[in-house]
Amino acid sequence: MSSTLVLPGDSIPLPSSSKSVILGPGIAASSSRIQAPHMGTTPTCISTRLGLLSSLKGKEKSEQVWVEGSSKRYIPAQKDMVLGTIIAKHAEGFRVDLGSAHMASLEGLAFEGATKRSKPNLKVGTLVYARVSLANRDMEPEIECFDPNTGKAEGFGELKGGLMLTCSLQLCRHLLNPNFPLLPALAASVPFEIAVGLNGRVWFKTETVSESIAVKRVIEGVDSGEIKAEKKDVENAVKEYLA
Amino acid sequence: MSNAGPSRRYDGRRSDEMRPLVISIGELDRADGSGRFGFGSTAALASCSGPLEVRLNKELPTKATLEISHRPLEGVGATPSRALITTLESIYPSVLKLSSHPRSLIQIIVQSLSSSSTSSTSSFNTYNTPSVYIDTDASEEGEPNTWPKPKNQSSFPLEEVSSPIASYTFASRSASINASTLAILSNGSIPMTSLPISISVACIDSTQGQQVKGDLIVDPTVEEESRAKSRFAFAWAFGKNISMIKKDDKDSDVDVKMELDQNDREDEMELIWVESEGKFNKETFSDALELSKIACRTILSEIREKLGQELESKTLQ
Amino acid sequence: MVREIDPPTIQKDFLLAALAEGKRLDGRIPLEQRKVEYIFGEELGTVECRLGKTAVLAQVSASIVKPRDDRPYEGFLLINSEIGPMASSVYESGRSSDSEILITRLLEKSIRRTEAIDREALCILAGEKVWQLRLTLHFLSDSGNLLDCASMASMAALRHFRKPEVEVIGDEVIIHSPEERAPVPLAIHHTPLCLTFAYFENLPPILDPTHLETTLCSGTLTVTMNAQREICVLSKAGGTPLAAEEIMGVVTVGVERVREMVKGIEEALDTDKEGRVVEVR
Chain A
1 MSSTLVLPGD SIPLPSSSKS VILGPGIAAS SSRIQAPHMG TTPTCISTRL GLLSSLKGKE
61 KSEQVWVEGS SKRYIPAQKD MVLGTIIAKH AEGFRVDLGS AHMASLEGLA FEGATKRSKP
121 NLKVGTLVYA RVSLANRDME PEIECFDPNT GKAEGFGELK GGLMLTCSLQ LCRHLLNPNF
181 PLLPALAASV PFEIAVGLNG RVWFKTETVS ESIAVKRVIE GVDSGEIKAE KKDVENAVKE
241 YLA
Chain B
1 MSNAGPSRRY DGRRSDEMRP LVISIGELDR ADGSGRFGFG STAALASCSG PLEVRLNKEL
61 PTKATLEISH RPLEGVGATP SRALITTLES IYPSVLKLSS HPRSLIQIIV QSLSSSSTSS
121 TSSFNTYNTP SVYIDTDASE EGEPNTWPKP KNQSSFPLEE VSSPIASYTF ASRSASINAS
181 TLAILSNGSI PMTSLPISIS VACIDSTQGQ QVKGDLIVDP TVEEESRAKS RFAFAWAFGK
241 NISMIKKDDK DSDVDVKMEL DQNDREDEME LIWVESEGKF NKETFSDALE LSKIACRTIL
301 SEIREKLGQE LESKTLQ
Chain C
1 MVREIDPPTI QKDFLLAALA EGKRLDGRIP LEQRKVEYIF GEELGTVECR LGKTAVLAQV
61 SASIVKPRDD RPYEGFLLIN SEIGPMASSV YESGRSSDSE ILITRLLEKS IRRTEAIDRE
121 ALCILAGEKV WQLRLTLHFL SDSGNLLDCA SMASMAALRH FRKPEVEVIG DEVIIHSPEE
181 RAPVPLAIHH TPLCLTFAYF ENLPPILDPT HLETTLCSGT LTVTMNAQRE ICVLSKAGGT
241 PLAAEEIMGV VTVGVERVRE MVKGIEEALD TDKEGRVVEV R
């Protein structure tokens, strides 16, 4: 992964070798008022946020390009896995807070095995793990607690017990990356169950209270940059916090 | 630039030299994004939160509602605050893609970290003094009540050139703009197409032999601003291809010089806001304009460097 | 205004379970305060106080005004403390929430009504001219316990501030610029500081609650004390009832804590003084 710092307005060099280029978050076509004559047919792309320019080679000579920025505010996107709090119940389902500008709606039927007769009865304040099924800037996001292909829960649904913490969206994305050393390093010292939401929320559950507090402090420490996300540093931190 | 003489200012700076810049982001925990920017001690802190839930009566169906507020260092916001907000409101809607988050709220709050004293009263405030206002009713009668004591009035013809009462200095307006830009950068969830950066320039009379000529200085202090014959503040939006600057004949000689060092970047900036005050002619203005370009580029490269370091220290891999 | 959304119920369950074991989510013990840090501004009387991630900026300025007719010897101390949306999006400028009013009132009581500042020493010419001090508080970040942070910032700013020296000759008042004569500190009787405790049903109280703890607790108690072991203000605004012994326990903890906090302010002021080139008394 290359890493160059880009600021909004910087032009993004598009790889010419690839057959197709997929533009990810943080990149937009330049809205130039005057067409630059020497640009030819390829449109100029600019960055729209602060971050590191990242790219990844995909299948069939395609390439993905995006700006890896850090942010705290979640913008719903389809297929994202998120953690939400139920804040209201209505006849058809629930209203769920994802930390974004708009409340998401969760239908009562969007659960494993739910029928018109038997819908899950979740209380206000319940934490659910769900998937964004519809996200559009002009509409309220919709989430679901099952995999529509199989009809099974696949781990989605109510989360009981444990503790939730909030962190940067960037850290959440990293936590889902199997090569990111934080979770394996933590798991080496403390056994835990975890659900990572891409909306900047992480839920986990451990055996004891002190273990949970240690896990929370380590994740928050990594997020703020106080602890390096390396095996040795994480293990030392866990040891210190458990003592 | 032709006016950038070798003479030093009273604080030892060259005429085109800024005070040391303070640049940092992300210090406020509860805001989605925050930034601090300072020209030395003339500083501002800004926060940018959003997209948030918007109140129904402020909801816009096609774009986000941008709410900008400002708090002065002392007291509560009044006309000068309002003026600053208007400035910010004229800059940011054009660089933010508000249409990408309809029916939501984006909040920008700017906190001034240097006092808003008028140029006429604070002009005699030297660096480390506490700010003291003089109640005008009490001091009506004569000089003894004013503090600090005004120096010989005749040396500065203030009555003609001073700012309106209690307005912000141009340097602090520039700092507020730059702090807001940093806060939006640090937020990261609001798409931005170009980067507004601002600088203030002042024109000070100086006598060289028989000739009286105006010297342009970049990033004037409060002192210098109050002595200045005219004051300017510029904000440039930086971004690829946002505009092409047409070259007309009048200032071609300046442009040639510019092209020597920066010819390939000429199309990457656009003047987005300018405010000026005092007596000046066209040449002074265009010189100040050119000077501001260079200064804003310097600020941009410093922002790039600082944020690069900050991001690197926080990079997770 | 943006609604504050209640944290999920599991947060409260976990918090209570942890507190029952005497543990807090950030690793503190129940009666431990977060780290306090003072950042002094270039101008005298400007101080930013950080309590953990909570941040408050205090600024003091002075002007000369006419005193009230019935109190010709007294100067004024005005406190501006509006919480704006910078602290958190739930606060709205121009519209004060209940918690904001509570904070403002308590600060007023703790600083102004306890006579922390000798207001008679602000008199320049009886019945004619007195100093009016204006203390402006800016709440930068609300990560819980804004009140304690604001009281520390206020007292540090008042002690950091210097007013210009004045000379009275007959009816004439001469104000000396700092170049002529070094400005003088304010006459301060004592340094009252707020300490906020949050309590949960059937659990011992905790000091300096975080934002989450404040949201979930069943009540808070604020004591304002000084280093002379005196209680200046005691405020328990609603919440579940507390036993009298518990309040005494809180006060005993507070005595020690406040003494350390005052020492912290003094040390910070001394460090700042050493770094200043100008003459400061």
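Residue numbers (UniProt numbering), protein chains in the order written: chain A, 1 to 243; chain B, 1 to 317; chain C, 1 to 281.
Ideal placement from N, C-alpha and C gives every residue a C-beta, glycine not left out.
So which residues on chain A does residue 55 (chain B) lean against when the C-beta distance must stay under 7 Å? None at all; the shortest Cβ gap to chain A is about 12 Å.
Report yes or no: is there a C-beta of chain B within less than 8 Å of the C-beta of residue 181 (chain C)? no
Is the beta carbon of residue 243 (chain A) closer than 8 Å to that of residue 227 (chain A)? no
Quick check: the Cα distance between residue 199 (chain A) and residue 151 (chain A), rounded to an integer number of angstroms? 24 Å
Per DSSP, the bridge partner or partners of residue 93 (chain A): A:107
At 8 Å on the CB atoms, spell out the chain C contacts of residue 162 (chain A), in chain order. 10 and 14
Are any of the Cβ atoms in chain B nearer than 8 Å to that of residue 227 (chain A)? no
Straight-line gap, residue 220 (chain B) to residue 38 (chain B) (C-alpha atoms, nearest Å): 13 Å
If we require 3 or more residues per run, which beta strand (DSSP E) segments fall completely within the UniProt domain "K Homology" (162-209) of chain A? 163-166, 192-197 and 201-206
Report the three-state DSSP secondary structure of residue 206 (chain C) (helix, strand or coil). strand
Output the boundary residues of the beta strand (DSSP E) element that contains residue 47 (chain B). 42-52
Can you tell me the Cα-Cα spacing of residue 4 (chain A) and residue 52 (chain A), whole angstroms? 5 Å
Assigned secondary structure, residue 176 (chain C) (DSSP; H/G/I helix, E/B strand, else coil): coil
What's the C-alpha gap between residue 157 (chain A) and residue 167 (chain A)? 21 Å
Where does residue 241 (chain A) fall in DSSP's three states? helix
Hey, how far is the Cα of residue 217 (chain A) from the Cα of residue 157 (chain C)? 33 Å
Residues of the stretch 54-88 of chain A with a CB closer than 7 Å to any CB of chain C: list them in chain order, please. 85 and 87
Could you name the residues of the same chain whose beta carbon sits closer than 7 Å to that of residue 73 (chain B), not counting the 5 residues immediately before and after it, in chain order? 112, 113, 114, 115 and 116
So which of C:38, C:75, C:212 and C:237 has the shortest CA-CA distance to residue 128 (chain C)? C:75
Between residue 87 (chain C) and chain B, is the shortest Cβ-Cβ distance under 8 Å, so that the two count as touching? yes
For residue 197 (chain C), list the residues DSSP reports as bridge partners. C:207 and C:221
Buried or exposed for residue 108 (chain B), going by 16 or more other Cβ atoms inside 10 Å? buried
Residue 102 (chain C) versus residue 137 (chain C) - alpha carbon distance: 15 Å
Can you check whether the C-beta of residue 187 (chain B) is within less than 8 Å of a C-beta belonging to chain A? yes
For residue 76 (chain B) and residue 226 (chain C), which I take to be in contact (beta-carbon distance under 8 Å), what is that distance rounded to the nearest angstrom? In fact, because the Cβ distance is near 30 Å, the residues do not count as touching under 8 Å.
When you compare each of B:189, B:292, B:176 and B:215 to residue 68 (chain A) by their alpha carbons, which one comes out closest? B:189
Using the Cα positions of residue 9 (chain C) and residue 125 (chain A), report the straight-line distance between them to the nearest angstrom. 5 Å
Once the 5 residues before and after residue 208 (chain C) are set aside, which same chain residues still bring their CB inside 6 Å of it? 33, 34 and 145
CA-to-CA distance, residue 110 (chain B) to residue 79 (chain B), given in whole angstroms: 15 Å
Can you pull the chain B neighbours of residue 28 (chain C), defined as C-beta to C-beta under 7 Å? The contacting residues do not exist; residue 28 (chain C) stays about 17 Å from chain B at best.
What number of angstroms, rounded off, separates the C-alpha of residue 12 (chain B) from the C-alpha of residue 22 (chain B)? 19 Å
For residue 115 (chain A), decide whether its Cβ has a neighbour in chain C, counting only Cβ atoms nearer than 8 Å. no
Strictly under 8 Å for the Cβ-Cβ distance: is residue 175 (chain B) near chain C by that measure? no
Can you pull the chain A residues whose beta carbon is under 9 Å from the beta carbon of residue 243 (chain C), in chain order? Per Cβ cutoff of 9 Å: no residues; residue 243 (chain C) is ~26 Å from chain A at best.
Residue 29 (chain B): contacting residues in chain C (beta-carbon distance under 7 Å): 53, 141 and 143
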